[in-house]
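Residue numbers (full-length UniProt numbering): 1 to 431. Don't be surprised by glycine CBs; every beta carbon is placed ideally from N, CA and C. Fair warning: this is a prediction, and the values are worked out from it, not measured in the lab. To keep things clear, I will list the structure first and then write my remarks on it.
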Ligand code: ATP
Ligand code: MG
């Protein structure tokens with residue numbers, strides 16, 4: 001084979017297949033998942049936006065943050081004359097760009113937006129971690145109402161409920177407001193500095209640049225240290241705390257389960273107040289199904305003069321598939337043709353080609369074999385296609401102006417005038 005998919009990417013084929021140790025579902029399973037997601041979005045009155053997969057480097061660098069793994073090591077960049085672009089590693093910054101660029105605030109009220117599509121990160125590929133992967137997510141832009149936070153979380157919960165994915169844990173925390181952050185950062189530095197010898201090089205560096213990110217560590221020794229570290233909610237001001245309490249009360253009222261995790265952070269300055277993450281037992285070390293929070297500072301980080309209070313989440317579709325596989329989710333059967341046309345001889349092939357068009361114009365899905373195959377081979381293909389009916393056209397039938405219609409489930413057969421095929425098959429497939 002001359003060419004193969006790039007490491008960490010995969011094809012979606014008609015049938016499920018295995019790629020780099022991961023099971024890649026067939027295309028109809030993808031469409032089903034996307035359809036269920038869209039259905040939930042519509043129930044919450046979220047409207048879709050589609051942004052380019054390629055964006056200015058600056059947008060991503062500012063919008064995702066210079067101290068993140070994404071910007072430091074995971075970006076796919078594209079050089080083009082004097083410009084550098086980046087394949088989007090996430091969609092929140094692009095959606096905010098679109099909101100600002102097109103003045104979507106002028107549509108009135110808070111904008112309930114959602115997206116679904118591919119993202120790109122140069123990570124080490126493994127199960128549930130790809131270089132091209134797919135996210136869906138919501139962005140509720142233009143409201144600081146705590147109901148917006150609860151609404152986004154309720155929407156996220158509703159998506160997983162729609163798939164019956166309940167073996168999950170929603171972790172919740174508040175980061176407070178930007179003004180609360182310096183005191184907390186100082187407290188973290190003070191706490192970690194005497195333990196600097198235990199810290200990894202990366203964490204020692206983060207002590208300088210962004211100590212909140214040390215809370216994200218997976219290192220067991222560092223995690224042990226975290227037990228006694230100062231906790232964010234103790235540094236949060238009254239307003240942000242009241243906001244948090246309201247969000248929790250709203251979630252309690254909806255019966256959305258959560259656990260508070262005072263160590264949950266998003267290591268970026270523009271994140272404010274609510275943060276959350278949905279974990280699944282099915283994922284193990286593969287991380288979270290989805291993560292989100294309020295990011296009242298993002299708009300200004302990407303150049304807006306005015307703040308745009310906003311909250312949203314991003315969810316990985318490949319990880320949702322792992323959770324679905326884990327629970328033995330029953331995907332609907334892929335669509336099958338209504339009719340498989342079997343034509344014997346040149347004249348029948350020519351007539352059959354026209355009959356296929358007539359039946360399709362009547363709304364039926366029609367398949368047939370190419371290449372003048374034998375009756376046996378065509379009947380085999382008809383079976384394999386799992387069509388509801390085969391329509392058999394030989395020289396004799398053609399001479400009489402009929403075709404044999406066979407119900408492939410029952411293998412009974414009868415002659416139907418060619419001119420009545422569409423009407424009868426439409427009636428029978430509808431029954
Ligand atoms: P992780 O800790 O697993 O690297 P992250 O914090 O980088 O996740 P986010 O940036 O919050 O992830 O992205 C939101 C969601 O997108 C994740 O919860 C996950 O479901 C999915 N996701 C992120 N990176 C990948 C990837 N490389 N492959 C597949 N899914 C991913
Ligand atoms: Mg990551």
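How should residue 6 be labelled, buried or exposed, when 16 other C-beta atoms within 10 angstroms of its C-beta is the threshold for buried?
Residue 6 is exposed by the Cβ-count criterion.
Can you tell me whether residue 23 is buried or exposed, with buried defined as 16 or more other CB within 10 angstroms of its CB?
Residue 23 is exposed by the Cβ-count criterion.
To which residues does DSSP link residue 390 through a beta bridge?
Its beta-bridge partners are 340, 406.
In this structure, how does DSSP classify residue 221 when only helix, strand and coil are distinguished?
Three-state DSSP puts residue 221 in a helix.
How close, in whole Å, do the beta carbons of residue 138 and residue 313 come, if the pair is a contact with beta carbons under 8 Å?
Confirmed, about 6 Å.
Starting from residue 19 and walking both ways along the beta strand (DSSP E), at which residues does that stretch end?
17-19 is the extent of the beta strand (DSSP E) around residue 19.
Given this structure, state the Cα-to-Cα distance separating residue 14 from residue 29, to the nearest angstrom.
Cα to Cα, residue 14 sits roughly 9 Å from residue 29.
Going by the C-beta, is residue 69 closer than 8 Å to any heavy atom of ligand 2?
Checking every heavy atom of ligand 2 against the Cβ of residue 69, one is found closer than 8 Å.
From the DSSP output, which residues share a beta bridge with residue 173?
According to DSSP, residue 173 bridges with 275.
By Cβ distance below 6 Å, which residues in the same chain neighbour residue 214 in space, the five residues on each side in sequence not counted?
Cβ within range, chain order: 203, 206.
Do residue 130 and residue 8 have their beta-carbon atoms positioned less than 9 Å apart in this structure?
Going by C-beta atoms, residue 8 is nearer than 9 Å to residue 130.
Can we say the region 256-263 touches the region 161-172, given the rule of at least three CB pairs closer than 8 Å?
Contact between the region 256-263 and the region 161-172 is present, because at least three Cβ pairs lie under 8 Å.
How far does the alpha helix (DSSP H) with residue 349 in it reach, from first residue to last?
From DSSP, the alpha helix (DSSP H) with residue 349 extends over 346-361.
Could you tell me if the beta carbon of residue 427 falls within a distance shorter than 8 Å of some heavy atom in ligand 2?
It does not: the Cβ of residue 427 is nowhere closer than 8 Å to a heavy atom of ligand 2.
Are the CB atoms of residue 324 and residue 163 within a distance shorter than 9 Å?
For residue 163 and residue 324, yes; Cβs fall inside 9 Å.
Mind pulling the beta strand (DSSP E) runs of 3 or more residues that sit fully within the region 73-152?
For the region 73-152, whole beta strand (DSSP E) runs of length 3 or above, ordered along the chain, are 77-80, 83-87, 111-120, 132-141.
Under 8 Å: does the beta carbon of residue 239 sit that close to some heavy atom of ligand 1?
Not under cutoff, so the answer is no.
With distances taken between CB atoms, is the gap from residue 273 to residue 367 smaller than 9 Å?
No; because the gap between Cβ atoms is not below 9 Å, this pair is not in contact.
With respect to 8 Å, is the separation between the Cβ of residue 137 and the closest non-hydrogen atom of ligand 2 below this value?
False, no ligand heavy atom lies under 8 Å from that Cβ.
Near residue 209, what residues of its chain come up, given a Cβ to Cβ distance below 7 Å and the 5 sequence neighbours on each side ignored?
Within the same chain, residue 209 has close Cβ partners 67.
Using the three-state DSSP reduction, which class does residue 313 fall into: helix, strand or coil?
Reduced to three states, the DSSP call for residue 313 is strand.
DSSP has residue 414 in a bridge; who is on the other side?
Per DSSP, 405.
Over what stretch of residues does the beta strand (DSSP E) that includes residue 22 continue unbroken?
Taken as a continuous stretch (DSSP letters only), the beta strand (DSSP E) holding residue 22 covers 22-24.
By Cβ distance, which residues of its chain are closer than 7 Å to residue 249, with the 5 residues on each side in sequence left out?
Counting only Cβ-Cβ distances below 7 Å, and skipping sequence neighbours, we find nothing.
Inspect the beta-carbon positions of residue 321 and residue 25 and report whether they are closer than 9 Å.
Contact: yes.
Based on Cα-Cα distance, which residue from 311, 305, 424 lies nearest to residue 363?
For the residues 311, 305, 424, the minimum Cα distance to residue 363 belongs to 424.
Consult DSSP for residue 166 and reduce its assignment to one of helix, strand or coil.
Residue 166: coil per DSSP, three-state reduction.
State whether the region 332-352 contacts the region 300-313, with contact taken as three or more CB pairs (one from each stretch) at a distance under 8 Å.
They do not touch, by the three-pair rule.
Relative to the C-alpha of residue 150, which residue among 135, 133, 172 is closest?
Residue 150 has its Cα closest to that of 172, out of 135, 133, 172.
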